[in-house]
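J.: As they're listed, the protein sequences go chains A and B. Residue numbers for the first sequence follow this note's numbering, beginning at 118 and rising by one. Residue numbers for the second sequence follow this note's numbering, beginning at 118 and rising by one. Here a beta-carbon is modelled for each residue, glycine too, at the ideal position from N, C-alpha and C. Sharing a structure, written as structure tokens. Questions coming.
There are 2 protein chains.
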Amino acid sequence: MTKPGAKAAASPRERLLAATMDHVTRHGIGELTLRQLAKALGTSHRMLVYHFGSKEGLLTEVVRRSEAEQRAFTAQLMADTGTPPIEQARRLWSQLADNEMWPRERLFFEVYAQALRGRPHTRALLDEIVDAWLEPLVAINRRNGMARDDARAAARLSLAVTRGLLLDLLATQDRKGVDAAMEHFLTSYAPLAGTGAKKQKRRSRP
Amino acid sequence: MTKPGAKAAASPRERLLAATMDHVTRHGIGELTLRQLAKALGTSHRMLVYHFGSKEGLLTEVVRRSEAEQRAFTAQLMADTGTPPIEQARRLWSQLADNEMWPRERLFFEVYAQALRGRPHTRALLDEIVDAWLEPLVAINRRNGMARDDARAAARLSLAVTRGLLLDLLATQDRKGVDAAMEHFLTSYAPLAGTGAKKQKRRSRP
DNA sequence: CGGCGTATGTACCATATGGTACATGTACCG
DNA sequence: CGGTACATGTACCATATGGTACATACGCCG
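Structure follows, in structure tokens:
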């Protein structure tokens with residue numbers, strides 16, 4: 118049992134996984150082969166199979182790790198309770214839309230597509246790929262006085278807007294245009310939440 | 118030169134392509150191999166290479182065909198000028214969200230992810246994967262009296278909402294929940310367009 | 001020291017893949 | 001009839017893949 122005095126370097130398995138995450142984020146997960154990966158990491162595919170059991174095992178671990186990062190991100194979302202919601206949304210968006218996040222998002226949508234096909238290594242993900250994000254958003258909306266159902270619908274909408282605009286951004290790389298659309302959403306729509314306007318949807322003509 | 122009196126059956130290439138579209142819609146395009154496909158179509162991978170030059174050639178053709186279908190769909194959107202925009206949006210959504218469309222949308226997002234990775238057979242798609250849909254939406258918004266910039270931002274937003282909610286739907290299969298979010302969007306936000314409200318975003322506090 | 005668990009390197013295997021060579025069929029057109 | 005273009009079937013090839021067998025290093029603990 119490895120318990121070296123200084124934790125200078127993590128376990129080899131951990132190092133391999135971290136390097137794999139990096140490689141996969143950059144080059145995608147769909148075309149991944151053990152040999153190419155191993156060569157890029159300066160090891161042999163033999164070691165990957167040794168430490169992860171199989172290619173499937175590796176992929177499963179990669180997805181698990183991605184989920185963990187995502188959870189950390191949403192947790193950070195939850196932690197910030199002081200900021201007004203629209204400003205909070207702007208910050209969140211500017212984090213997500215940043216160039217440096219693009220590779221991660223490309224990977225996210227790639228894995229998302231695989232999950233929609235039921236690929237085995239994504240089984241754990243499909244259950245929470247929406248809900249894990251929904252919960253904190255619902256909480257924020259409720260905290261701002263929205264009724265339960267509205268809070269949920271609005272959260273779902275916000276999530277959809279965010280992912281939809283990210284898809285747009287990654288394809289067009291038009292940061293300005295996408296920012297404008299998000300701003301359009303935030304300034305025209307979201308304010309309704311803060312003003313305590315409840316269930317006005319019945320009144321078809323104001 | 119094949120010009121049979123009755124066009125009973127299209128060219129073999131065309132039949133193969135149609136069958137491939139069907140197969141790929143059902144089983145995905147990421148894991149596709151010529152041999153498996155050929156077996157499913159009751160032919161040999163030899164013929165696929167013969168008629169499409171290579172696997173890449175086949176994939177390119179599949180993507181091209183998908184684009185064509187998409188264009189037909191948006192054209193239908195453009196044609197309908199009489200319906201009020203919100204009702205038009207509801208119809209569009211109910212078409213897209215229908216169970217029968219799910220396989221197509223799964224394929225769409227799968228190909229989208231590949232396009233984001235720069236896969237060669239998707240090159241033609243990346244340019245228009247947003248714009249092709251944006252144009253008709255912008256036109257509708259303009260027709261309803263929105264200023265150029267607002268029309269564009271709103272169109273972009275609508276597209277993002279639609280795609281984001283489709284992603285949600287495909288993952289959660291929660292049609293009710295997603296419908297509620299869309300309705301939330303349509304009833305709370307879109308009405309702003311019809312009322313001739315222009316450029317109100319400057320007024321930071323009403 | 002000696003054994004033992006973790007880790008790694010080398011070589012190999014069965015299988016699947018995309019693509020090709022060659023032969024064969026089939027239908028139309030002169 | 002005979003040829004010619006399109007179409008198809010059979011067999012093959014080089015390559016790449018995931019996985020495994022075997023040998024071997026390294027470091028710790030008794």
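Starting from the Cα of B:Ala-298, find the closest Cα among A:Val-278, A:Leu-282, A:Ala-297 and give me that residue.
T.: Position 181 of the second sequence, counted from the start, is the residue given in the question as residue 298 of chain B. Nearest of A:Val-278, A:Leu-282, A:Ala-297 to B:Ala-298, Cα basis: A:Val-278.
J.: Considering only the alpha carbon of each residue, which of A:Arg-163, A:Arg-182, A:Ala-196, A:Gly-145 lies closest to A:Leu-104?
T.: Residue 104 of chain A lies beyond the range of chain A shown here (118 to 323); nothing can be said about it.
J.: In chain A, what lies closer than 8 Å to B:Ala-288 by C-beta?
T.: The residue given as residue 288 of chain B occupies position 171 in the second sequence. By Cβ distance, chain A contributes Tyr-229, Ala-232, Leu-233, Leu-243, Ile-246, Val-247.
J.: Using beta carbons (cut-off 9 Å, strictly below), is B:Val-333 in contact with chain A?
T.: Residue numbering for chain B in the displayed model covers 118 to 323; residue 333 of chain B lies beyond these limits and cannot be assessed.
J.: For B:Asn-216, count the other beta carbons within 10 Å of its own beta carbon; 16 or more makes it buried, fewer makes it exposed. Which is it?
T.: Sequence index remark: in the second sequence, residue 216 of chain B carries index 99 (1-based). Counting Cβ neighbours within 10 Å, B:Asn-216 comes out exposed, since fewer than 16 surround it.
J.: Please list, in chain order, all residues of the same chain as B:Gln-231 whose beta carbon is under 6 Å from its beta carbon, the five residues on each side excluded.
T.: The residue you call residue 231 of chain B lines up with position 114 of the second sequence. Within the same chain, and ignoring the five residues on either side of B:Gln-231 in sequence, the residues whose Cβ sits closer than 6 Å to its Cβ are Thr-239.
J.: Any C-beta of chain A sitting closer than 9 Å to the C-beta of B:Asp-139?
T.: Along the second sequence, read from residue 1 onward, the residue named residue 139 of chain B stands at position 22. No, no contact with chain A.
J.: Note down, in chain order, each residue of its chain lying with its Cβ closer than 7 Å to the Cβ of A:Glu-178, except the 5 sequence neighbours on either side.
T.: Numbered from 1 along the first sequence, position 61 holds the residue referred to as residue 178 of chain A. Cβ neighbours of A:Glu-178 beyond the five flanking positions: Leu-134, Phe-169.
J.: Thinking C-alpha only, which one of A:Leu-251, A:Ala-268, A:Arg-130 is nearest A:Thr-259?
T.: Sequence index remark: in the first sequence, residue 259 of chain A carries index 142 (1-based). Note that residue 259 of chain A corresponds to Arg in the displayed sequence, not to Thr. Here the closest residue by C-alpha is A:Ala-268.
J.: Which residue's Cα is closest to the Cα of A:Leu-176: A:Ala-264, A:Pro-237, A:Ala-192, A:Ala-206?
T.: Position 59 of the first sequence, counted from the first residue, corresponds to residue 176 of chain A. Looking at the Cα atoms, A:Pro-237 is the closest of the given residues.
J.: Going by DSSP in three states, B:Val-179 sits in which element: helix, strand or coil?
T.: What you label residue 179 of chain B is simply residue 62 of the second sequence in a count that begins at 1. Helix.
J.: Look at B:Phe-226 and A:Phe-226 and say whether their C-beta atoms are less than 9 Å apart.
T.: Residue mapping note: residue 226 of chain B aligns to position 109 of the second sequence, counting from 1. Residue mapping note: residue 226 of chain A aligns to position 109 of the first sequence, counting from 1. Yes.
J.: If I'm right that B:Thr-191 touches B:Ala-272 with Cβ under 8 Å, what's the distance once you round it to whole angstroms?
T.: Locating residue 191 of chain B in the second sequence gives position 74, where the first residue counts as 1. Locating residue 272 of chain B in the second sequence gives position 155, where the first residue counts as 1. Rounded, the Cβ-Cβ distance is 12 Å, inconsistent with contact.
J.: In the structure shown, what three-state DSSP assignment does B:Arg-236 receive?
T.: Along the second sequence, read from residue 1 onward, the residue named residue 236 of chain B stands at position 119. Reduced to three states, the DSSP call for B:Arg-236 is coil.
J.: Using a Cβ-Cβ cutoff of less than 6 Å, which residues in the same chain neighbour A:Leu-243 once the five nearest sequence positions on both sides are dropped?
T.: For the purposes of this step, residue 243 of chain A is taken as residue 126 along the first sequence, with counting starting at 1. Within the same chain, A:Leu-243 has close Cβ partners Ala-232.
J.: Under 9 Å between C-beta atoms, does A:Val-295 make it to chain B?
T.: Here residue 295 of chain A refers to the residue found at position 178 when the first sequence is read from its first residue. Chain B, which has a Cβ nearer than 9 Å to the Cβ of A:Val-295, makes this yes.
J.: Select from B:Thr-289, B:Arg-132, B:Ile-203, B:Gly-159 the residue whose C-alpha is nearest the C-alpha of B:Ser-305.
T.: One-based indexing of the second sequence puts residue 305 of chain B at position 188. The shortest C-alpha separation from B:Ser-305 is found at B:Ile-203.
J.: Name, going along the chain, the residues of the region 176-202 of chain A whose beta-carbon falls closer than 8 Å to a beta-carbon of chain B.
T.: none
J.: Using a C-beta cutoff of 9 Å, does A:Leu-213 count as contacting chain B?
T.: Numbered from 1 along the first sequence, position 96 holds the residue referred to as residue 213 of chain A. False, the Cβ-Cβ gap to chain B never drops below 9 Å.
J.: Using a threshold of 9 Å, state whether the C-beta atoms of A:Leu-213 and A:Leu-283 are closer than that.
T.: Translated into positions along the first sequence, residue 213 of chain A becomes position 96. Translated into positions along the first sequence, residue 283 of chain A becomes position 166. Closer than 9 Å, so yes.
J.: Strictly below 7 Å CB to CB, what residues from chain A border B:Leu-282?
T.: On the second sequence, position 165 is the one that residue 282 of chain B refers to. Ordered by position in chain A, the residues that pass the 7 Å Cβ test against B:Leu-282 are Ala-277.
J.: Provide the residue span of the alpha helix (DSSP H) that contains B:Asn-258, from first to last.
T.: Indexing the second sequence from 1 puts residue 258 of chain B at position 141. Note, B:Asn-258: alpha helix (DSSP H), 248-260.
J.: For A:Met-299 and chain B, any beta-carbon pair shorter than 9 Å?
T.: Taking the first residue of the first sequence as position 1, residue 299 of chain A is located at position 182. Interface residue, yes.
J.: List the endpoints of the continuous alpha helix (DSSP H) containing A:Asp-267.
T.: Here residue 267 of chain A corresponds to residue number 150 of the first sequence, with the count starting at 1. Taken as a continuous stretch (DSSP letters only), the alpha helix (DSSP H) holding A:Asp-267 covers 265-289.
J.: To which residues of the same chain is B:Leu-286 closer than 7 Å at the C-beta, ignoring the five residues directly before and after it?
T.: Start at 1 with the first residue of the second sequence, and residue 286 of chain B comes out as number 169. Here the set comprises Ala-214, Arg-292, Val-295.
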